[in-house]
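J.: Residue numbers (my numbering), protein chains in the order written: chain H, 20 to 363; chain V, 20 to 363.
Where is the CB? At the ideal position from N, CA and C, for every residue including glycine.
Handing you this structure, nothing more for now.
Number of protein chains: 2
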Amino acid sequence: MKNDTFLRALARQPTAYTPVWLMRQAGRYLPEYKATRARAGSFLGLAKTPELCAQVALQPIERFDLDAAIVFSDILTIPDAMGLGLSFGEGEGPRFERPLRDEASIRALSVPDPTVELRYVLDAVRVTREALADRVPLIGFSGSPFTLACYMIEGGGSDDWRNVKALLHSRPELLHRVLEVNARAVSDYLNAQIDAGAQAVMLFDTWGGTLAYNDYEPFSLAYSKKVLGAVSRVPRILFTKGGNPWLAQMMASGADAIGLDWTSDPRHARKLAGGRVALQGNLDPAALFGPPERVREAARRVIDAFGRAPGHVFNLGHGVLQGTPIDSVAALVDEVRTYSRTRA
Amino acid sequence: MKNDTFLRALARQPTAYTPVWLMRQAGRYLPEYKATRARAGSFLGLAKTPELCAQVALQPIERFDLDAAIVFSDILTIPDAMGLGLSFGEGEGPRFERPLRDEASIRALSVPDPTVELRYVLDAVRVTREALADRVPLIGFSGSPFTLACYMIEGGGSDDWRNVKALLHSRPELLHRVLEVNARAVSDYLNAQIDAGAQAVMLFDTWGGTLAYNDYEPFSLAYSKKVLGAVSRVPRILFTKGGNPWLAQMMASGADAIGLDWTSDPRHARKLAGGRVALQGNLDPAALFGPPERVREAARRVIDAFGRAPGHVFNLGHGVLQGTPIDSVAALVDEVRTYSRTRA
């Protein structure tokens with residue numbers, strides 16, 4: 020591995036500088052991504068063509084000299100493999116043709132074999148690893164069991180996830196059944212990604228933060244824990260958007276690193292972590308809409324807030340937003356690299 | 020005042036039972052509301068007709084025997100009075116015809132005179148107070164300075180408020196200018212509502228929780244504080260959706276009570292409050308989609324979590340959702356009343 024800074028930080032070992040990668044670093048803010056996607060015809064067409072996945076996964080690495088690559092895929096591949104029928108309307112979010120709306124569809128749910136039904140993702144991992152040629156580590160990922168359940172039950176995005184929560188409050192045993200199947204499916208899937216070459220894995224719990232204070236642990240974290248326990252061959256990152264109220268519990272989940280969104284105070288998180296887990300985050304993605312000099316200031320503030328004790332991976336608090344100026348991203352990566360070196 | 024339980028709880032005085040009202044208690048889940056709204060023709064037509072406002076404000080009081088009424092209005096009346104042109108598409112959220120998109124429109128912003136431009140709201144307060152005949156107290160309200168700014172700059176709802184945040188990161192002094200005008204406008208407006216008869220006021224900071232950990236205080240709380248300081252003649256409730264990371268700062272804002280969303284742990288909040296401020300909340304509105312027996316269990320859990328020490332107003336963690344079963348609301352109010360009496 021030519022650059023193992025990211026893996027060293029996840030292991031809470033000292034690094035010469037703070038490693039940096041960005042959630043959704045490959046995507047629509049890059050003209051080269053838009054060109055590849057146009058060739059593929061659609062987002063799913065792209066995500067299901069391993070060679071193109073490798074191409075777009077490497078684009079931000081070439082342009083910004085980041086410290087990790089992430090497989091180009093979607094968090095919702097598993098429910099698609101379960102037969103729910105994933106699609107993306109132009110300019111819209113994900114949609115499932117056959118959401119889980121009754122007991123029968125929930126009872127019929129089964130764990131897909133990733134080597135068969137998700138082979139295109141595993142191929143993407145293999146081709147991307149090869150193309151990377153050990154330049155930086157490759158991260159595999161999945162949506163968390165709860166986040167998958169959100170889309171599977173709702174059938175798409177939602178402001179309030181009322182169908183999911185209606186199920187939680189009226190038939191909790193059915194939601195637990197979905198989560199149990201999802202936990203096994205995600206474990207198998209991430210293990211298959213590791214077999215195919217993923218050198219770290221990340222669990223995206225995008226919607227766990229919408230749960231009530233006493234529902235997050237039983238309905239989201241408990242199932243993320245099962246997955247984390249099953250994929251311990253590589254470093255594991257757990258990210259819950261809006262997870263600020265439950266950082267201490269997340270830190271005790273078995274994850275090697277916890278992803279923080281921008282509402283979490285890094286100093287507080289560091290105190291909670293006590294050096295036992297690494298932390299990843301947490302600049303507000305919207306900060307990249309400022310001019311480069313402001314972006315550099317913001318990057319320095321994040322680095323100072325985390326300090327340079329071992330165990331920080333610089334990232335945004337959520338994915339890069341569409342329309343983000345490329346100059347801002349370049350300024351960010353450069354500032355993280357140069358400033359963190361001076362604070363070693 | 021026939022029933023002052025709500026005001027006593029805000030003052031952290033002992034009460035025979037836990038008072039209860041629900042954010043958005045008048046609204047589309049009630050058939051009688053739908054009938055009145057159909058007569059008015061549109062949401063804004065309804066909100067601008069004081070007699071109909073009084074009618075819908077009293078509907079939930081008649082049906083559920085709640086402990087407080089709230090003026091029927093919208094959080095965005097102020098920017099409408101500033102000339103931004105508020106409208107609501109069918110089934111859509113609010114839209115402003117003339118959002119703040121350049122420096123000139125921000126510099127041109129001025130504080131409206133509520134007794135002129137928002138007279139219909141003040142009339143609604145007066146007519147509603149009269150119709151209530153001192154049965155329960157009447158709450159006046161407004162969006163917080165930051166939440167108003169979100170809609171004023173974005174022009175409508177948003178997943179990421181990127182225009183607002185782009186301004187925050189590129190021209191913070193312009194955002195501060197908007198917030199300064201808003202703080203004065205909200206102060207004048209709430210004072211006019213108090214003059215017209217509002218017996219408590221609530222500040223809805225619906226979007227403060229989307230700010231970064233170090234942006235919430237300077238861009239949201241600082242301006243809410245100015246308002247709270249200017250309206251101290253009646254009890255003041257401050258609610259920030261997603262405010263969990265900043266509860267301690269909110270509690271030191273001068274508010275008499277802090278509204279909690281469902282992600283906050285009541286036991287933790289009570290400890291932080293230390294009896295110095297009252298707390299309002301915090302059942303997940305989606306819990307009302309469960310069957311009545313589950314709703315009753317959930318209500319008991321909330322009451323047990325807050326305890327029966329003085330200073331709790333039962334509420335949801337956000338507004339009643341459309342489609343909420345009326346039987347669930349009835350069961351909730353009944354359970355809060357009867358169960359909290361037994362725990363006095």
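What would DSSP say about M270 (chain V), mapped onto helix, strand or coil?
T.: Indexing the second sequence from 1 puts residue 270 (chain V) at position 251. The answer is helix: DSSP assigns M270 (chain V) an H, G or I state.
J.: I need the straight-line Cα distance from F83 (chain H) to P285 (chain V), nearest angstrom please.
T.: Your numbering for residue 83 (chain H) matches position 64 in the first sequence. Your numbering for residue 285 (chain V) matches position 266 in the second sequence. Answer to the nearest angstrom: the Cα atoms are 45 Å apart.
J.: Give a yes or no on whether the C-beta atoms belonging to I89 (chain H) and A76 (chain H) are separated by under 8 Å.
T.: As a working note, residue 89 (chain H) is residue 70 in the first sequence. As a working note, residue 76 (chain H) is residue 57 in the first sequence. Yes, they are a contact pair.
J.: Can you check whether the C-beta of R289 (chain H) is within less than 8 Å of a C-beta belonging to chain V?
T.: Walking along the first sequence from the start, residue 289 (chain H) turns up at place 270. So no, R289 (chain H) is outside the interface.
J.: Should K184 (chain H) go down as buried or exposed, given a rule of 16 or more other Cβ atoms within 10 Å for buried?
T.: Taking the first sequence and counting its residues from 1, the one referred to as residue 184 (chain H) is at position 165. Buried is the call here.
J.: Between the alpha carbons of A66 (chain H) and F91 (chain H), how many angstroms are there, rounded?
T.: Counting from 1 along the first sequence, the entry for residue 66 (chain H) is found at position 47. Counting from 1 along the first sequence, the entry for residue 91 (chain H) is found at position 72. Each residue's alpha carbon lies about 7 Å from the other.
J.: Give me the residue from H:G273, H:V332, H:L351, H:M270 with the minimum Cα distance to L307 (chain H).
T.: Residue 307 (chain H) sits at position 288 when you count from the first residue of the first sequence. It is H:L351 whose Cα lies nearest to the Cα of L307 (chain H).
J.: Among all the DSSP beta bridges, which residues are the ones paired with P113 (chain V)?
T.: The residue labelled residue 113 (chain V) in the question sits at position 94 within the second sequence. DSSP, once it has assigned bridges, lists V:F107 as partnering P113 (chain V).
J.: Since A28 (chain H) and H331 (chain H) are thought to touch, with beta carbons under 8 Å apart, how far apart are those beta carbons, to the nearest angstrom?
T.: Taking the first residue of the first sequence as 1, we reach residue 28 (chain H) at position 9. Taking the first residue of the first sequence as 1, we reach residue 331 (chain H) at position 312. Correct: roughly 6 Å between the Cβ atoms.
J.: Is the CB of P310 (chain V) under 8 Å away from at least one CB in chain H?
T.: For this step, residue 310 (chain V) is matched to residue 291 along the second sequence. At least one chain H Cβ lies under 8 Å of P310 (chain V).
J.: Residues in its own chain within less than 7 Å of Y170 (chain V) by CB, not counting five upstream and five downstream?
T.: Taking the second sequence and counting its residues from 1, one reaches residue 170 (chain V) at position 151. These residues qualify, in order along the chain: L95, P98, P113, F115.
J.: Less than 8 Å between the CB atoms is what I'm expecting for R117 (chain H) and G102 (chain H), so what's the real figure, rounded?
T.: Here residue 117 (chain H) refers to the residue found at position 98 of the first sequence. Here residue 102 (chain H) refers to the residue found at position 83 of the first sequence. Right, their Cβ atoms sit about 7 Å apart.
J.: Going by DSSP in three states, L167 (chain H) sits in which element: helix, strand or coil?
T.: Taking the first residue of the first sequence as 1, we reach residue 167 (chain H) at position 148. Here L167 (chain H) sits in helix by DSSP.
J.: If you draw a straight line from the C-alpha of L302 (chain V) to the C-alpha of A59 (chain V), how long is it?
T.: Along the second sequence, one-based indexing puts residue 302 (chain V) at 283. Along the second sequence, one-based indexing puts residue 59 (chain V) at 40. Cα to Cα, the separation comes out at about 32 Å.
J.: Does any C-beta atom of chain V lie closer than 8 Å to the C-beta of T282 (chain H)?
T.: The residue labelled residue 282 (chain H) in the question sits at position 263 within the first sequence. Chain V contact via Cβ: present.
J.: Helix, strand or coil: which one does DSSP assign to A292 (chain V)?
T.: Within the second sequence, numbered from 1, the residue matching residue 292 (chain V) stands at position 273. Note: A292 (chain V) maps to helix in three-state DSSP.
J.: Please report how far the alpha carbon of A324 (chain V) lies from the alpha carbon of A292 (chain V), in whole angstroms.
T.: Taking the second sequence and counting its residues from 1, one reaches residue 324 (chain V) at position 305. Taking the second sequence and counting its residues from 1, one reaches residue 292 (chain V) at position 273. Near 14 Å, if we compare the C-alpha coordinates of A292 (chain V) and A324 (chain V).
J.: Is the distance from the Cβ of F165 (chain V) to the Cβ of D224 (chain V) below 8 Å?
T.: Residue mapping note: residue 165 (chain V) aligns to position 146 of the second sequence, counting from 1. Residue mapping note: residue 224 (chain V) aligns to position 205 of the second sequence, counting from 1. Yes, Cβ-Cβ distance for F165 (chain V) and D224 (chain V) is below 8 Å.
J.: For the stretch 249-263 of chain V, list every residue whose C-beta sits within 9 Å of some C-beta in chain H, in sequence order.
T.: Within the stretch 249-263 of chain V, the residues whose Cβ lies closer than 9 Å to some Cβ of chain H are G261, N263, listed in chain order.
J.: Comparing alpha-carbon positions, which option in V:H188, V:H337, V:M270, V:K260 lies nearest L41 (chain V)?
T.: Sequence index remark: in the second sequence, residue 41 (chain V) carries index 22 (1-based). Comparing Cα-Cα distances from L41 (chain V) to each of V:H188, V:H337, V:M270, V:K260, the minimum goes to V:H337.
J.: Counting only beta-carbon atoms, is F313 (chain H) nearer than 8 Å to chain V?
T.: Numbered from 1 along the first sequence, position 294 holds the residue referred to as residue 313 (chain H). Looking at the sequence provided, one finds Arg at residue 313 (chain H) rather than Phe. Cβ-Cβ to chain V under 8 Å: yes for R313 (chain H).
J.: With a threshold of 8 Å between beta carbons, is H188 (chain V) in contact with chain H?
T.: The residue you call residue 188 (chain V) lines up with position 169 of the second sequence. True, the Cβ-Cβ gap to chain H drops below 8 Å.
J.: If I follow the unbroken beta strand (DSSP E) through D224 (chain V), where does it start and stop?
T.: Stepping through the second sequence from its first residue, residue 224 (chain V) is reached at position 205. That run of the beta strand (DSSP E) goes 219-224.
J.: Applying the 10 Å Cβ sphere with the 16-neighbour rule, what's the burial state of Q341 (chain H)?
T.: Position 322 of the first sequence, counting from 1, holds the residue named residue 341 (chain H). So Q341 (chain H) counts as exposed.
J.: Which same chain residues end up closer than 6 Å to A241 (chain H) when comparing Cβ atoms and leaving out the 5 residues on each side of it in sequence?
T.: By 1-based counting over the first sequence, the position of residue 241 (chain H) is 222. Nothing listed; no residue qualifies.
J.: R181 (chain H) versus chain V: which residues are under 8 Å apart at the beta carbon?
T.: Residue 181 (chain H) sits at position 162 when you count from the first residue of the first sequence. Those are A305, F308, L340, G342, listed as they occur along chain V.
J.: Is the beta carbon of Y85 (chain H) sitting closer than 8 Å to the one on Q44 (chain H)?
T.: Taking the first sequence and counting its residues from 1, one reaches residue 85 (chain H) at position 66. Taking the first sequence and counting its residues from 1, one reaches residue 44 (chain H) at position 25. Checking the displayed sequence, the identity of residue 85 (chain H) turns out to be Leu instead of Tyr. Yes, they are a contact pair.
J.: So, at 8 Å on beta carbons, what are the nonlocal neighbours of G273 (chain V) in its own chain, with the 5 sequence-adjacent residues on each side left out?
T.: Start at 1 with the first residue of the second sequence, and residue 273 (chain V) comes out as number 254. Around G273 (chain V): K244, L247, G248, S251, R255.
J.: Between which two residues does the beta strand (DSSP E) holding H337 (chain H) run?
T.: In the first sequence, counting from the first residue as 1, residue 337 (chain H) sits at position 318. First-last for H337 (chain H): undefined, no H or E at that position.
J.: Within 10 Å of its beta-carbon, does S359 (chain V) have 16 or more other beta-carbons around it, so buried, or fewer, so exposed?
T.: On the second sequence, position 340 is the one that residue 359 (chain V) refers to. Looking at its Cβ environment, which holds 16 or more other Cβ atoms inside 10 Å, S359 (chain V) is buried.
J.: Examine chain H for any beta-carbon lying closer than 8 Å to the beta-carbon of Y232 (chain V), and answer yes or no.
T.: Locating residue 232 (chain V) in the second sequence gives position 213, where the first residue counts as 1. Chain H contact via Cβ: present.
J.: Label T259 (chain H) either buried or exposed according to how many other C-beta atoms from any shown protein chain fall within 10 Å of its C-beta, with 16 as the threshold for buried.
T.: In the first sequence, counting from the first residue as 1, residue 259 (chain H) sits at position 240. Classification for T259 (chain H): buried.
J.: Under the three-state reduction of DSSP, which class applies to F91 (chain V): helix, strand or coil?
T.: Reading the second sequence from its first residue, position 72 is the one you call residue 91 (chain V). The answer is coil: DSSP assigns F91 (chain V) none of H, G, I, E or B.
J.: Quick check: what's the CA-CA separation for A219 (chain V) versus Y48 (chain V)?
T.: Your numbering for residue 219 (chain V) matches position 200 in the second sequence. Your numbering for residue 48 (chain V) matches position 29 in the second sequence. Each residue's alpha carbon lies about 25 Å from the other.
J.: If contacts are defined as beta-carbon pairs under 8 Å, then N201 (chain V) and L222 (chain V) qualify, I think. What distance do you get, rounded to the angstrom?
T.: Locating residue 201 (chain V) in the second sequence gives position 182, where the first residue counts as 1. Locating residue 222 (chain V) in the second sequence gives position 203, where the first residue counts as 1. About 11 Å separates the two Cβ atoms, so there is no contact after all.
J.: Within its chain, find whatever has a CB closer than 7 Å to the CB of G46 (chain H); leave out the 5 residues flanking it on each side and keep chain order.
T.: Taking the first residue of the first sequence as position 1, residue 46 (chain H) is located at position 27. Same-chain partners within the cutoff: Y52, V339.
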